[in-house]
Amino acid sequence: KNNPKSRSPGPAKRLGSSGTPKARTHSPATEMAPPPPAPTPAARLLREYGWDLMLGSIAAFYAVMVPYTKVEESFNVQAMHDILYHNHHIEKYDHLEFPGVVPRTFIGALVIAILSSPAVLIIRVFHVPKIYSLLAVRLVLGCVILTTLRLFRVEVKRKFGRHVEAFFVVLTAIQFHVLFYSTRPLPNILALALVNLAYSFWFKGNYLRTLQALIVAAVVFRCDMILLLGTIGAALLLSRSFSLMEAIKCCISTALLCIGFTVLVDSIMWQRILWPEFEVFWFNSVLNRSSEWGTHSIHWYFTSALPRSMLVAYPLCLVGALLDRRIVPYVLPVTLFVVLYSKLPHKELRFIIAAVPMLNVSASLAANRLYNNRKKSGWNFLYVLMLGAFLAR
């Protein structure tokens with residue numbers, strides 16, 4: 034009984050009909066699937082920058098098809114030309130002979146001219162017509178605006194998901210004005226770059242940086258951005274995102290730094306001591322002389338400008354605020370900015386174009402909700418209606 038040799042050797046191996054061990058068989062379910070192939074560099078590039086390539090291509094198409102300028106762009110276009118072709122010979126600059134109605138800052142023109150100088154240098158070396166220099170600075174400006182829009186879009190994706198991001202891009206693409214104006218050297222568009230940065234900081238939860246970006250936009254490029262700064266700042270204070278003392282310290286320090294910088298640069302360029310945006314503010318708001326260039330009714334932005342600019346996104350924006358309350362704290366201050374701006378008699382779409390990206394986020398949330406519920410009764414009709422509006426663009 035205790036003899037080890039008498040112990041059972043255990044279960045015998047299964048034998049086939051020939052007496053050989055029978056091979057084990059595995060079901061397809063138990064076999065490990067091969068790993069998916071690694072994405073190619075081109076696929077990774079499209080996944081990371083595909084939306085940017087699409088928006089950039091549309092903006093570049095607009096710039097090529099409409100390369101010339103309107104009178105509102107004349108100062109920055111001429112300033113970039115003089116910086117690139119006359120360099121430090123300020124006495125040759127056009128603005129000293131034709132200063133315009135109000136002075137404008139050289140800071141935006143200086144930045145874009147520096148970024149586009151390699152391309153313009155090649156154009157000058159090969160004696161290419163100057164129109165291509167104009168196209169070069171337009172494309173560089175478009176790259177700057179779309180880069181800041183990308184930063185905002187990335188935060189939209191992080192906060193609301195990739196489907197909302199996709200609808201945000203599609204809505205921006207089918208609209209005309211944001212991408213068309215992105216290559217036009219207007220003070221409003223230079224300010225738009227900083228507003229996009231402010232929106233990205235806002236979504237990220239970096240609230241003091243949000244205020245700083247808006248202050249730079251208001252002090253240096255467009256004094257009317259102080260309205261957007263006021264509405265967003267008030268909303269952040271009411272939500273206790275920061276204390277009143279923190280906001281005061283941040284605003285005063287940033288404003289003083291920006292005022293000192295713009296006074297230094299522009300006093301050299303204009304050859305007299307001045308703060309350009311203060312003179313613009315005095316002319317447009319205090320003296321109210323901007324109305325000499327035409328007026329519109331108080332509701333014009335809401336009944337004409339925004340519907341024409343946003344198209345299907347305009348009604349979707351309202352639906353998005355009703356369906357997803359997360360966007361209300363962001364859309365409400367931006368809408369109040371447009372309401373406050375409506376009190377000025379002289380109105381143009383470019384004055385409120387900074388509101389469009391945020392309103393498009395609300396529209397994207399509505400489009401995403403309709404897409405997710407497209408198979409439910411009642412929602413499917415609304416989804417088809419939305420698709421028809423997209424195609425009717």
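All residue numbers for the sequence shown refer to this note's numbering, where the first residue is 34 and numbers rise by one.
Ideal Cβ placement from N, Cα and C applies to all residues, glycine included.
From a predicted model like this one, the values you see are computed outputs, not experimental measurements.
Considering only residues of the same chain and omitting the five flanking positions on each side of Leu-204, which have a CB-CB separation below 7 Å? Counted from its first residue, the sequence shown places residue 204 at position 171. Only Ala-346, Asn-393, Ala-396, Ser-397 meet the Cβ criterion.
Apply the 10 Å Cβ neighbour rule to Lys-46 and answer buried if 16 or more other Cβ atoms are within range, or exposed otherwise. One-based indexing of the sequence shown puts residue 46 at position 13. Note on Lys-46: pLDDT 46, under 50, position unreliable in the model; no value is reported.
Are at least three pairs of beta-carbons, each pair with one atom in the region 268-280 and one in the region 232-243, less than 8 Å apart? yes
In three-state terms, what does DSSP make of Val-135? Translated into the one-based positions of the sequence shown, residue 135 becomes position 102. It is coil, neither helix nor strand.
Could you pull out every unbroken alpha helix (DSSP H) segment of at least 4 residues lying fully inside the region 212-286, listed in chain order? 220-237, 240-249, 258-271
Given this structure, state the Cα-to-Cα distance separating Phe-370 from Thr-264, to the nearest angstrom. Within the sequence shown, residue 370 is the residue found at index 337, counting from 1. Within the sequence shown, residue 264 is the residue found at index 231, counting from 1. Each residue's Cα considered, the two are about 6 Å apart.
The alpha helix (DSSP H) that contains Gly-83, what's its start and end? Translated into the one-based positions of the sequence shown, residue 83 becomes position 50. Note, Gly-83: alpha helix (DSSP H), 74-98.
Any idea what DSSP makes of Ala-62, helix, strand or coil? Here the question's residue 62 lines up with position 29 in the sequence shown. Confidence is the limiting factor: at Ala-62 the pLDDT is only 49, short of 50, which leaves the residue's position unreliable, though a coordinate-based value still follows. In this structure, Ala-62 counts as coil in the three-state DSSP scheme.
May I ask you to report which of helix, strand or coil DSSP gives Asp-115? In the sequence shown, the residue the question calls residue 115 occupies position 82. In this structure, Asp-115 counts as helix in the three-state DSSP scheme.
According to DSSP, is Glu-381 part of a helix, a strand, or is it coil? Position 348 of the sequence shown, counted from the first residue, corresponds to residue 381. If DSSP states are grouped into helix, strand and coil, Glu-381 belongs with coil.
Quick one: which unbroken alpha helix (DSSP H) runs of 4-plus residues sit fully inside the region 349-412? Chain order, please. 361-374, 389-405
Given a threshold of 16 other Cβ atoms within 10 Å of its Cβ, counted over all protein chains shown, does Thr-295 qualify as buried or as exposed? Position 262 of the sequence shown holds residue 295. Buried.
Check this for me: beta carbons of Thr-216 and Leu-174, under 8 Å apart or not? As a position in the sequence shown, residue 216 is number 183, starting the count at 1. As a position in the sequence shown, residue 174 is number 141, starting the count at 1. It is a contact, given that the beta carbons lie within the stated cut-off.
May I have the straight-line CA-CA distance separating Lys-192 from Phe-236, to the nearest angstrom? Within the sequence shown, the letter at position 159 stands for residue 192. Within the sequence shown, the letter at position 203 stands for residue 236. Each residue's Cα considered, the two are about 7 Å apart.
Neighbourhood of Leu-182 by C-beta, 6 Å cutoff - its chain only, sequence neighbours within 5 removed: Working through the sequence shown from its first residue, we reach residue 182 at position 149. Short of 6 Å from the beta carbon of Leu-182, and not among the five residues preceding or following it, lie these beta carbons of its own chain, in chain order: Asn-229.
So, at 6 Å on beta carbons, what are the nonlocal neighbours of Ala-338 in its own chain, with the 5 sequence-adjacent residues on each side left out? Position 305 of the sequence shown holds residue 338. Closer than 6 Å at Cβ, skipping near neighbours: Leu-382.
Delimiting residues of the alpha helix (DSSP H) encompassing His-196: Sequence index remark: in the sequence shown, residue 196 carries index 163 (1-based). Note, His-196: alpha helix (DSSP H), 195-207.
Separation of Trp-326 from Asn-317, as counted between CA atoms: Taking the sequence shown and counting its residues from 1, the one referred to as residue 317 is at position 284. Taking the sequence shown and counting its residues from 1, the one referred to as residue 326 is at position 293. If you take the alpha carbons of Asn-317 and Trp-326, they lie about 11 Å apart.
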